[in-house]
Structures are given as structure tokens and as C-alpha cells.
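Asks:
There are 2 protein chains.
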Amino acid sequence: MRLLLVEDNPDIALWLQKALSASGHAVDVAADGVQADQLLSYEPYALVILDIGLPRMDGFEVLKRLRRRGNKVPVLVLTAQTGVDARVHGLDLGADDYLGKPFELAELEARVRALLRRSQGKEDGALQCGELSFEPASKRYSVRGQPLALTPREMAVLEVLLYRQGKPVSKEALAEQVVRLDQDLSPDAMEIYVHRLRKKLADSGVVILTLRGLGYMLDVAK
Amino acid sequence: MRLLLVEDNPDIALWLQKALSASGHAVDVAADGVQADQLLSYEPYALVILDIGLPRMDGFEVLKRLRRRGNKVPVLVLTAQTGVDARVHGLDLGADDYLGKPFELAELEARVRALLRRSQGKEDGALQCGELSFEPASKRYSVRGQPLALTPREMAVLEVLLYRQGKPVSKEALAEQVVRLDQDLSPDAMEIYVHRLRKKLADSGVVILTLRGLGYMLDVAK
DNA sequence: GGCAAGCTTTCATTTCCCTTTCATTGCCTG
DNA sequence: CAGGCAATGAAAGGGAAATGAAAGCTTGCC
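Going down the list, the protein sequences come from chains A and B. Numbering follows the UniProt record's numbering, in which position 104 of the first sequence is assigned residue number 104; successive positions increment by one, without gaps. Numbering follows the UniProt record's numbering, in which position 82 of the second sequence is assigned residue number 82; successive positions increment by one, without gaps.
1) Report yes or no: do the segment 128 to 135 of chain A and the segment 199 to 218 of chain A share at least 3 C-beta pairs separated by less than 8 Å?
2) Under DSSP, the alpha helix (DSSP H) around Pro-60(B) begins and ends at which residues?
3) Taking the continuous alpha helix (DSSP H) assigned at Ala-30(B), which residues delimit it?
4) Assuming Glu-61(A) contacts Gly-33(A) (C-beta within less than 8 Å), just tell me the rounded distance between them.
5) With 16 other CB atoms within 10 Å as the buried threshold, where does residue 291(A) fall?
6) Helix, strand or coil: which one does DSSP assign to Glu-7(B)?
7) Can you list, in chain order, the residues of its chain with a C-beta nearer than 8 Å to that of Phe-103(A)? Leave out the 5 residues immediately preceding and following it.
8) In the DSSP assignment, the beta strand (DSSP E) including Tyr-216(A) goes from what residue to what residue?
9) With Met-217(A) and Pro-168(A) assumed to form a contact (beta carbons below 8 Å), what rounded beta-carbon distance in angstroms separates them?
10) Does the segment 22 to 38 of chain B come close enough to the segment 1 to 11 of chain B that 3 or more CB-CB pairs lie under 8 Å?
11) If you follow the alpha helix (DSSP H) that Val-194(A) is in, where does it begin and where does it stop?
12) What are the start and end residues of the beta strand (DSSP E) that includes Pro-147(A)?
13) List the endpoints of the continuous beta strand (DSSP E) containing residue 224(A).
14) List the residues of chain B that Pro-152(A) touches, going by C-beta distances under 9 Å, in chain order.
15) Compare the C-beta of Ser-138(A) with all C-beta atoms of chain B and state if any pair is closer than 9 Å.
16) Is any beta-carbon of chain A found at less than 9 Å from that of Lys-200(B)?
17) Is any beta-carbon of chain A found at less than 9 Å from that of Pro-168(B)?
18) Following the continuous beta strand (DSSP E) through Arg-212(B), name the residue where it begins and the one where it ends.
19) What is the residue span of the alpha helix (DSSP H) that Gln-177(B) lies within?
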């Protein structure tokens with residue numbers, strides 16, 4: 001994972017950079033707020049470790065500007081200020097975690113792991129295939145940002161196909177995933193849903209292929 | 001929003017429940033740690049207010065178990081212990097904010113608002129959607145500056161929809177956020193509130209869409 | 001060609017949602 | 001304390017969308 005460490009004290013910066021590199025991360029270091037702000041506006045990072053006391057632009061300002069640009073990257077704030085007010089301030093600005101100095105290296109590493117894990121977990125929230133994307137949390141599909149109106153059954157079928165994109169799914173398997181155990185549904189009904197889905201997905205950059213005798217497969221259109 | 005208040009002192013519990021209910025929240029009360037732990041494992045809350053000194057299981061343990069289950073609900077910790085150690089302990093366990101006893105009611109309410117706002121990923125004080133705006137501090141809705149007359153239930157429903165604007169909210173989820181545990185309300189009643197809200201929001205530039213099978217969604221009118 | 005698998009349309013049924021009505025409750029006011 | 005009023009939510013009827021069976025048609029494979 002690629003991290004940005006924003007820390008003006010060269011000793012601490014070097015110490016943390018070494019430790020985090022040893023954990024297998026790629027660590028960039030910014031020594032002041034302006035430099036951090038610039039890096040963050042065009043480089044993609046998986047995590048930011050942000051000191052508050054910085055030359056030229058303080059950490060709160062860096063954070064505020066970051067969030068104002070709509071960047072959702074997880075931010076771990078480091079600070080010597082232990083007051084609740086400072087913590088509340090940081091969290092209100094969109095920090096994801098907070099660590100007061102001095103801290104144990106082990107604790108920092110644990111929090112970095114936790115934040116990365118959490119943000120990775122969020123990403124399995126957005127399934128994509130070609131121009132089609134799916135948000136499991138809200139059960140919504142969209143094509144190039146345009147929401148796609150699907151019926152519940154259609155959503156269920158498409159979801160299964162999406163999770164197994166590039167792999168064939170038999171009609172029987174589909175039927176089992178789509179209805180509850182206590183219900184009875186002929187696998188032939190899948191043909192109807194696939195038919196309706198194909199119409200609605202006509203210009204979505206995604207197609208449902210038929211693999212005769214095997215089932216259906218979601219794939220990007222060519 | 002539906003809150004859980006965990007407080008063993010009946011006087012304080014009643015006082016806070018009344019105050020928070022007056023702010024338009026649905027407030028359940030748990031009088032000991034075990035009860036709180038059980039409620040938190042199967043009821044959805046938007047916020048937890050957690051006293052530390054509790055019978056049967058202390059607040060730290062409740063918090064630890066809550067986070068271990070992966071529950072991310074915001075937690076505001078109340079405590080008579082003013083030491084930094086206790087505070088750090090609570091925050092390390094995953095508390096989101098910290099308030100020492102005694103406290104002003106106004107401060108508690110402010111922190112509750114801040115946590116609710118932050119947990120929804122919003123940064124502005126006033127929630128907005130199209131021409132409709134909502135002031136959390138005073139619980140007032142207005143359209144183009146004109147105040148909107150809503151009943152308490154209508155406000156509660158609209159608030160939930162507003163916090164999740166652009167995302168569908170099922171009737172069941174709505175019902176759970178709008179009423180307390182000891183109340184009984186059929187999800188079908190949501191249809192009535194939505195119906196009444198739609199009439200009152202007729203020319204507000206905001207519509208409540210029906211996503212069949214999914215729920216309702218607040219969106220700007222087109 | 002023949003057959004099986006899949007495609008498409010039709011349509012009755014079911015499910016979900018909208019809307020109105022009305023009994024009940026709690027609060028305000030005289 | 002009575003009467004009025006607003007809020008609430010259950011019930012029921014109507015209607016639109018979703019569903020899935022049936023049946024005829026098309027396509028691919030031998």
C-alpha cells in the first residue's frame with residue numbers, strides 16, 4: 001500500500017518511514033503542509049498519517065482542504081495536543097483516527113493496519129464491471145453514473161452474475177441464489193429475467209452471454 | 001434518530017431521555033451493561049450514550065464487545081472519572097467522544113448533533129437537499145427560507161431520509177429509526193407519513209421517490 | 001433435418017404501494 | 001373539566017408494477 005507521511009521532524013519522519021517500509025508499505029514523506037497538500041491533490045494514497053503541528057500550513061488545514069476536494073482517503077492524525085477539543089476538531093474535519101504523541105510504534109502500526117483494513121472493506125462495497133457499478137449497501141446499480149431502474153428480482157439475478165463475472169452461472173444455481181429456500185421457482189424463469197436484464201443493459205457496456213448448456217456469464221461488451 | 005442511553009441512575013436517565021426525546025429522538029434506555037450489550041447486538045441505533053460506571057458489566061466492556069462485533073455506531077462516553085487515563089482508555093476502545101460529569105445539557109446535545117452529523121459523513125451544520133434545508137440544532141425545516149410546518153413524526157421520518165439522501169431507506173429501517181423499542185409501529189404506517197410529507201413537500205424542489213421493493217429515497221426534483 | 005436449449009411474448013396472478021377514511025389519543029383553550 | 005383540534009396509526013379498497021407460467025418461435029449442434 002502507498003502511504004503519505006506528513007511530519008516535519010526529520011528524526012521522527014525517518015524513524016516512521018523505516019518502520020512502515022519494513023511492514024511492506026511504500027511511504028512518501030512530506031515535511032510541511034503545503035507540500036503535503038500538493039502531493040495529496042494529484043497522488044493516490046491508501047492512507048495518510050498527518051501531524052498537526054506543521055510549518056507553512058497546519059494539519060487541520062491540510063485535512064480540511066483534502067476533504068473539501070472530496071478525497072475520502074483514510075487519515076490518521078498525530079498530535080501532541082491531547083485535549084478532547086483538538087480531537088473533536090480533527091474528527092469533525094474528517095479524520096478517521098487519532099493518536100497522541102508520544103505513542104508506541106506498535107500502536108501506530110496496529111492503527112494503520114486497522115484503517116487500511118477498514119478502507120479495503122469499504123471497497124468491496126463497490127462492485128464494477130465495465131461501465132456498470134453496483135453498491136451493495138444501497139443495492140443500487142448505475143451505468144456511467146446514471147442509476148439503473150431494476151426490479152428486485154432483476155437486481156438479485158444481476159448481483160449473482162456480477163459477483164461471478166467472467167464465470168458462467170447455471171440457471172439452476174441462479175434460481176437457488178435468487179429465491180429463498182422455502183420458495184419454489186422453475187429455473188426456466190431465469191430466462192425471463194435475463195431477457196429483461198439484457199434489454200435494460202442494452203447500452204451499458206456489459207452483456208450477458210449465453211453459454212449453451214452451461215448457463216449465463218456477465219462480461220464486458222466488445 | 002434512534003438513540004440508546006445507557007445509564008444506571010434512574011434520575012439522570014429519565015432527565016436525559018426526556019431532553020433527548022424533546023429534541024425529536026427516539027430514546028431507548030438500558031440500566032445496566034448486560035442489558036445494553038444485548039440491545040446493541042440486535043437493535044440498530046444511530047448513536048449510543050454510554051455511562052462507564054454500570055452494574056453487571058462496565059461501560060468499557062460494553063464498548064469493547066460492541067467494537068469487537070464490528071459495530072461502528074458512534075459512542076459518546078459519559079463518566080465521572082476525569083483522569084486522562086480513563087479518557088484515553090475509552091477512546092482507545094473505540095469511543096467517539098467523551099464528556100465528563102457533571103455536564104451541561106446543552107453541551108451534550110451539541111455533541112450528539114456533531115456525532116450524528118459526522119457519522120453520516122456530512123460536514124456542514126445545516127443539512128440541505130435542493131431547496132429544502134434542515135437546522136439540526138433547532139430541528140427546523142424550511143423551503144426557500146419559508147419554515148415548513150411538520151408534525152413530530154413527519155420531522156423524524158424526513159430527518160432519516162435527509163441524512164441518507166440519495167440512498168434508499170426501507171420502510172422497516174425507517175420504522176426502526178423513528179420509534180423506540182417499547183413502541184409498536186407497523187412499517188405500513190410509514191406509507192402514511194410519506195404520503196403526508198409528499199403533500200407538504202409538493203413545491204419544495206425535493207421529492208420522495210419510491211423504489212419498489214427497496215424503500216424510499218429523498219432526491220431533488222427534476 | 002431434427003432435436004434440444006434458449007428466446008420472446010402474452011397474460012393471469014400476486015405483491016407492493018397509494019390513498020382515503022375513521023377511531024383514538026393527547027394537548028390546548030375557554 | 002368539557003369541548004375542540006391536531007396528530008397518529010389501523011384498516012380497507014384501488015391500482016400499478018412485478019412476477020412467473022405457458023406457449024410459440026429461433027438458434028445452435030449433431
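Heads up, the beta-carbon is just placed ideally off N, CA and C, and yes, glycines get one too.
Replies: In short, the structure shows the following:
1) Enough Cβ pairs lie closer than 8 Å, so yes.
2) A small correction: the amino acid at residue 60(B) is Phe; Pro does not occupy that position in the sequence shown. Per DSSP, the continuous alpha helix (DSSP H) segment holding Phe-60(B) begins and ends at 59 to 68.
3) Counting along the chain, Ala-30(B) sits inside no alpha helix (DSSP H); it lies in the beta strand (DSSP E) bounded by residues 26 to 30.
4) The pair is a contact, with the Cβ atoms about 6 Å apart (cut-off 8 Å).
5) Nothing can be reported for residue 291(A): it is not among the residues displayed for chain A, which extend from 1 to 222.
6) In the displayed model, Glu-7(B) falls within coil according to three-state DSSP, outside both helix and strand.
7) Excluding residues within five positions, the ones whose Cβ falls inside 8 Å are Leu-78.
8) Where Tyr-216(A) is concerned, the enclosing beta strand (DSSP E) starts and stops at 215 to 220.
9) Taking the Cβ atoms as the reference, Met-217(A) lies roughly 4 Å from Pro-168(A), within the contact range of under 8 Å.
10) In short, these stretches touch, since the Cβ pair count reaches three.
11) Looking at the DSSP string, the run of the alpha helix (DSSP H) that includes Val-194(A) is 189 to 200.
12) First-last of the beta strand (DSSP E) with Pro-147(A): 146 to 148.
13) Here chain A comprises residues numbered 1 to 222, so residue 224(A) is not present and cannot be evaluated.
14) Residues of chain B passing the Cβ test: Arg-212, Gly-213 and Leu-214.
15) Answer yes: the Cβ-Cβ gap between Ser-138(A) and chain B drops below 9 Å somewhere.
16) Residue contact with chain A for Lys-200(B): absent (no Cβ-Cβ distance below 9 Å to any residue of chain A).
17) At a cut-off of 9 Å between C-beta atoms, Pro-168(B) counts as an interface residue with respect to chain A.
18) No beta strand (DSSP E) holds Arg-212(B); DSSP gives it neither H nor E.
19) Looking at the DSSP string, the run of the alpha helix (DSSP H) that includes Gln-177(B) is 171 to 178.
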